Amino acid sequence: MATVFSVQADSREECAVELARLCRLFGLEPVLAPSRSIGTGRWLARARSSVDSQESPAH
């Protein structure tokens with residue numbers, strides 16, 4: 202499984218902006234669009250390396 206990076210924010214808009222910034226700065230690709238986090242009421246988004254998604258798992 203690839204390493205996953207998370208963004209948490211108080212609004213959907215802020216979460217989307219920071220997810221885009223994280224992806225741009227570190228060459229990541231979004232894997233979870235901003236969604237409401239159950240229990241906290243905050244917004245959560247995730248990204249992973251675009252290189253990891255192109256590699257085959259080693260067996």
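Numbering-wise (the working numbering), the sequence shown opens with residue 202 and increments by one.
Virtual Cβ for every residue (Gly too), placed ideally from N, Cα, C.
Small disclaimer: the values here were computed from a predicted structure and weren't measured.
Listed as beta-bridge partners of PHE206 by DSSP are ALA248.
Residues of the same chain with a CB within less than 8 Å of the CB of SER236, apart from the 5 flanking positions on each side, are TRP244, LEU245 and ALA246 in chain order. Rounded to the nearest whole angstrom, the C-alpha separation of THR204 and ASP211 is 24 Å. Where ARG237 is concerned, the enclosing beta strand (DSSP E) starts and stops at 229-237.
In the structure shown, the three-state DSSP call for ARG222 is helix.
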